[in-house]
Ligand code: G1P
Ligand code: ZN
């Protein structure tokens, strides 16, 4: 065992989801080690306990895994469960932490950000409930990064992660585990696999786009091998270090291969995609896109069809910018709906306390109490189970949902890579207008309130402030502005737009058309073009 002297780095502050930086930043001597040691320094009582370790396979995953194994050993973990080849999806890590009562886990991923020597890398710590470390833990880690002077590592050859089985490194047992098995077993306990098998037997057609990222092996085993979907159902199914040069974010812009197929002449009945580390999902029907906010509401409304959820939902939680479609379902069911800040870590306490069963974010994240992360393939299986139980198309299911509950037209406009100073100025400018905006009228829309969202956790009463500027209108429409907390360079402005339409003769409208007036109001109030220097958003979802 060696103790190495080091000096602190600036900027090792975890964002919405862990520490994300360019690979080049992580490759600086001691950079990764400092952060990993700071994680361990912020924890108590892990000696002799189990750590789960894996990543999405992006460039630098292999190198970082070896360093972390050697550091976990030197710091006194009793056992490390590491995915074969260093691979584990984010929801799989969560499932494994819970199943084996591990102390915590380290996930190597920058989620949906591109990978490769010139792209992004990331590292994230999850606690013993399987969920992302809450803010008090990430803050403690950050404080340690500022004062770190040394780290511990064993001097040993690299561990062979290609073969399953047990090894020892120093005093620590290293178990190289199958990346898929525990996760696949869990899925089988939640859904009616026989019913889904029947669906595929009847000739049902589907494409799942793994976007050259981590879900490829999971989807092949679960969809093709276990559920009998024809070979070729999973596309881009081999994880690549650079995700094939793509941007592994399952949305209409980046999942273009799948989108082209689903909007083409020979479109399958169901299309889905997942992101770099497997926690996000996109759901498509034939020439039909399901917004993530609607998807959450529809899963909730159909939960009675799913074995694990048929006894009822305790409650639903959604992040603040997510549309209120789920609130309407919760209301009809007579259950609570919680509104949390952006980021999955805010759902953990609600799930642990048994206050909610389903959670979701507009950013293509959906999940339940089965793990403490959002879960891409889980959402796909949930939809498959609904499709099998209802024998209707995706589009019909969504349209029937709107007819019953009304439609929450929804869209998010992202302005990526904006100068940070200018993005902060835009937010400042909104702050200055905050007290004057209420009661002002813009066309048909009258502003009811304007605030910077803050949240008091109902279980531990911790307070999170400055979570996004909300402008609420009298008819329930909303515009929300916030800056991304996951970016690596510059700033990303996110503008969230929502309006409610009870009249089913208007439900066929395109969201951008239905939201046109609100989009104009957002520009008038925030002066997006002036501050960002952009004529149009980079990504519209
Ligand atoms: C984004 C999403 C957020 C999600 C996070 C991690 O964070 O908006 O909903 O939880 O990625 O996947 P942001 O970049 O907006 O801070
Ligand atoms: Zn992700």
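In our numbering, the protein residues as written are 18 to 558. In this text, a Cβ means the ideal position worked out from N, Cα and C, and glycines have one as well.
In three-state terms, what does DSSP make of residue i?
i	result
residue 262	helix
residue 383	strand
residue 388	coil
residue 403	helix
residue 374	coil
residue 31	coil
residue 172	coil
residue 439	helix
residue 299	strand
residue 161	helix
residue 368	helix
residue 515	strand
residue 189	strand
residue 424	strand
residue 497	strand
residue 323	coil
residue 509	strand
residue 11	Only positions 18 to 558 of the chain appear in the structure, and residue 11 is not among them; the question remains open.
residue 334	strand
residue 537	helix
residue 453	coil
residue 125	strand
residue 429	strand
residue 63	coil
residue 521	helix
residue 560	Residue 560 lies beyond the stretch modelled for the chain, which goes from 18 to 558, so this question has no answer here.
Would the beta-carbon of residue i fall within 8 Å of that of residue j?
i	j	result
residue 147	residue 179	no
residue 194	residue 101	yes
residue 563	residue 82	No answer is possible for residue 563: the residues shown for the chain start at 18 and end at 558.
residue 98	residue 192	yes
residue 549	residue 432	yes
residue 292	residue 128	yes
residue 120	residue 75	no
residue 27	residue 52	no
residue 201	residue 238	yes
residue 287	residue 411	yes
residue 558	residue 269	yes
residue 225	residue 505	no
residue 132	residue 259	yes
residue 322	residue 402	yes
residue 500	residue 542	no
residue 347	residue 332	yes
residue 71	residue 196	yes
residue 284	residue 303	yes
Would you kindly report the start and end of the unbroken beta strand (DSSP E) that includes residue i?
i	result
residue 275	Residue 275 -> not in any beta strand (DSSP E); alpha helix (DSSP H) instead, spanning 273-279.
residue 103	96-104
residue 223	223-226
residue 468	462-469
residue 353	353-357
residue 137	137-143
residue 231	Segment: none, residue 231 is in no beta strand (DSSP E) and carries neither H nor E.
residue 22	19-22
residue 305	305-307
Just mark residue i as buried or exposed, buried being the case when its beta carbon has 16 or more other beta carbons within 10 Å.
i	result
residue 578	There is simply no residue 578 to check, as the chain begins at 18 and stops at 558 in what is shown.
residue 438	exposed
residue 335	buried
residue 2	Because residue 2 is not part of the residues shown, which for the chain are 18 to 558, the question remains open.
residue 130	buried
residue 387	buried
residue 480	exposed
residue 485	buried
For residue i, report the span of its alpha helix (DSSP H) as first-last.
i	result
residue 78	78-92
residue 549	545-549
residue 349	342-350
residue 490	That residue, residue 490, is in no alpha helix (DSSP H); its beta strand (DSSP E) goes 486-490.
residue 179	Run containing residue 179: none; DSSP gives neither H nor E here.
residue 120	First-last for residue 120: undefined, no H or E at that position.
residue 213	210-218
residue 203	198-207
Given the structure, does residue i come close to ligand 3, in the sense that its CB is under 7 Å from one of the ligand's heavy atoms?
i	result
residue 37	Ligands in the displayed structure: ligand 1 and ligand 2; ligand 3 is not one of them.
Consider the Cβ of residue i: report whether some Cβ of chain B lies at a distance smaller than 8 Å.
i	result
residue 110	Within the model displayed, chain B is absent; a lone protein chain is all it includes.
Original post:
Three or more beta-carbon pairs under 8 Å between the region 447-455 and the region 338-354, yes or no?
Top reply: No, they do not touch.
Subject >> Touching by the beta-carbon criterion (3+ pairs, under 8 Å), the region 20-37 and the region 46-55 >> reply: Verdict: yes, contact present.
Original post:
Using 8 Å as the Cβ pair cut-off and three pairs as the minimum, do the region 208-220 and the region 61-80 touch?
Top reply: Contact between the region 208-220 and the region 61-80 is absent, because fewer than three Cβ pairs lie under 8 Å.
Original post:
Hey, is the region 425-435 in contact with the region 505-519, meaning 3+ C-beta pairs nearer than 8 Å?
Top reply: Yes, the region 425-435 is in contact with the region 505-519.
**OP:** Report yes or no: do the region 376-383 and the region 292-302 share at least 3 C-beta pairs separated by less than 8 Å?
**Re:** Segments in contact, yes.
Original post:
Any chance the region 481-496 sits against the region 460-472, with 3 or more Cβ pairs inside 8 Å?
Top reply: Contact holds: three or more Cβ-Cβ distances are below 8 Å.
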